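Per my numbering, residue 404 is the first one in the sequence shown, and the count goes up by one each step.
This report concerns only the one structure given below.
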Amino acid sequence: MRPTAEQLAPLSRLERATFELADFFARPALTPISATWNSAFMGALIYSCGGRRFHVHGLEILQQYGKKDSVLLVANHRSFFDFFTITALCYWRTNLTKRIFFPVRQKFFYDHPAGPLVNAVMSGMRMFPPVMREKEKKGFNQYSVERCIEELNRTDIGTVLGIHPEGTRNKNDDPYTFLPAQPGVGRIALGATRAKVIPVFALGMGQSILGEMKMNALTPKEHPVDVYFGPPVDVSDLRARTNSITMQKRAADRCLDAVKALAEKQRRAAAIRDGRDPDAEPSVSERALSRRSPESMQPSADV
Numbered sequence: 404m405r406p407t408a409e410q411l412a413p414l415s416r417l418e419r420a421t422f423e424l425a426d427f428f429a430r431p432a433l434t435p436i437s438a439t440w441n442s443a444f445m446g447a448l449i450y451s452c453g454g455r456r457f458h459v460h461g462l463e464i465l466q467q468y469g470k471k472d473s474v475l476l477v478a479n480h481r482s483f484f485d486f487f488t489i490t491a492l493c494y495w496r497t498n499l500t501k502r503i504f505f506p507v508r509q510k511f512f513y514d515h516p517a518g519p520l521v522n523a524v525m526s527g528m529r530m531f532p533p534v535m536r537e538k539e540k541k542g543f544n545q546y547s548v549e550r551c552i553e554e555l556n557r558t559d560i561g562t563v564l565g566i567h568p569e570g571t572r573n574k575n576d577d578p579y580t581f582l583p584a585q586p587g588v589g590r591i592a593l594g595a596t597r598a599k600v601i602p603v604f605a606l607g608m609g610q611s612i613l614g615e616m617k618m619n620a621l622t623p624k625e626h627p628v629d630v631y632f633g634p635p636v637d638v639s640d641l642r643a644r645t646n647s648i649t650m651q652k653r654a655a656d657r658c659l660d661a662v663k664a665l666a667e668k669q670r671r672a673a674a675i676r677d678g679r680d681p682d683a684e685p686s687v688s689e690r691a692l693s694r695r696s697p698e699s700m701q702p703s704a705d706v
């Protein structure tokens, strides 16, 4: 599937060139190249950062699928390493295809001269397709959404696609609060009729490679990395109106609600692991209500 001339027109020369490069490496015939690189390099890097810290739950849900199955992973996004952590687990602990993509915003990865190199080194060009942020380039995002759907619906091969319902990295200090779900995620979930929609909640990875390596080597028990996979999210009842923004938002909300349910499981398990009473702390749903309360919506003194 190719973008139209109108969709490509607003992109800069560098963005177009980087897209063409990533699109070339997205060919199924080149999957072994990226898979070999990611297994050898990124797999070693991620396990040196978290191999002794991983606490993985629900992986048996993914382990029932094979190389020709397509899976849409909908995950929270707290750390730059979320993509790599989830990919490493799929590579090493499941029988899923190694044809894995994570769409990313074009900032840096597609509009900076060093972006393609970082994309190649860190993911084997698997951070694809790009998502544009500038208003004048939004038309390209329609292509990116349709490309994701097309890849997931292929019948000749399996594809794993990871997306974040919140649309961007959540930088809130509380890992159990979430940004609103974006309808584009719902559009992919509704359109990808062949794919299983699997929620994921990951927590524990930071932003520093050296810091993560140090914790993994010296204090793994004190700095766990929890990854929870949940049962498939059913959005089939919403597909009668796939092109409806309302239905897309409902599908996205349903996906995010499944992630929130996993977050609550992790919160309670982590509290018990640390010797705390999980019922003495606000639940994920209670935190959401608190953030919506009139008091929480008042502007701060700094505004």
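Built from N, CA and C at the ideal position, the CB exists for glycine as well.
This structure is a prediction, so every number in the text was calculated from the model and none was measured.
Asked                                                                                                                                                        : Found
Give a yes or no on whether the C-beta atoms belonging to Arg366 and Leu462 are separated by under 8 Å.                                                      : Not covered by the structure: residue 366. The range shown for the chain is 404 to 706.
Report all residues from its chain with a CB closer than 8 Å to the CB of Arg644; omit the five preceding and five following residues, and keep chain order. : Met650
If you run the structure through DSSP and keep just helix, strand and coil, what is Asp677?                                                                  : coil
Just checking, does the stretch 652–672 make contact with the stretch 590–608 on the three C-beta pairs under 8 Å criterion?                                 : yes
For Val628, which residues in the same chain have their Cβ closer than 8 Å to its Cβ, ignoring the five residues on either side in sequence?                 : Gly453, Arg456, Phe457, His458, Thr488, Ala605, Leu606, Gly607 and Met608
Provide the residue span of the beta strand (DSSP E) that contains Leu564, from first to last.                                                               : Val563 to Ile566
Which value, in whole angstroms, describes the spacing of the CA atoms of Ala674 and Lys624?                                                                 : 14 Å
What are the start and end residues of the beta strand (DSSP E) that includes Asp629?                                                                        : Val628 to Phe632
Tell me which residues share the same chain as Ser699 and place their Cβ nearer than 7 Å to its Cβ, disregarding the 5 neighbours each side in the sequence. : With a pLDDT of 41 at Ser699, under the threshold of 50, the modelled position of that residue is not reliable, and the figure given next carries that caveat. So the list reads Ser693, once near-sequence residues are dropped.
Consider the Cβ of Gly614: report whether some Cβ of chain D lies at a distance smaller than 8 Å.                                                            : Among the protein chains of the structure shown there is no chain D, as only one such chain exists.
Relative to the alpha-carbon of Pro586, which residue among Asn544, Thr596 and Asp577 has its alpha-carbon at the smallest distance?                         : Asn544
Helix, strand or coil: how does DSSP classify Lys538 here?                                                                                                   : helix
Do the CB positions of Leu492 and Leu564 come within less than 8 Å of each other?                                                                            : no
I'd like the list of long-range same chain contacts for Pro431, defined as Cβ closer than 7 Å, with 5 residues on each side in sequence excluded.            : Arg502 and Ile560
Are Val507 and Met530 closer than 8 Å when you measure CB to CB?                                                                                             : yes
For Ser638, name the three-state secondary structure that DSSP assigns.                                                                                      : Reading off the sequence shown, one finds Val at residue 638, where the question assumed Ser. Val638 falls in the coil class under three-state DSSP.
Could you say which of Met618, Phe505 and Ser437 lies nearest to Asp588 if we only look at CA atoms?                                                         : For clarity, residue 588 is Val in the given sequence; the question names Asp instead. Cα-wise, what sits closest to Val588 is Phe505.
Between Gly371 and Asp577, what straight-line distance do the alpha-carbon atoms span, to the nearest angstrom?                                              : The shown model of the chain, from 404 to 706, leaves out residue 371, and the question about it has no answer.
Would you report the Cα separation of Ile449 and Ala683, rounded to the nearest angstrom?                                                                    : 34 Å
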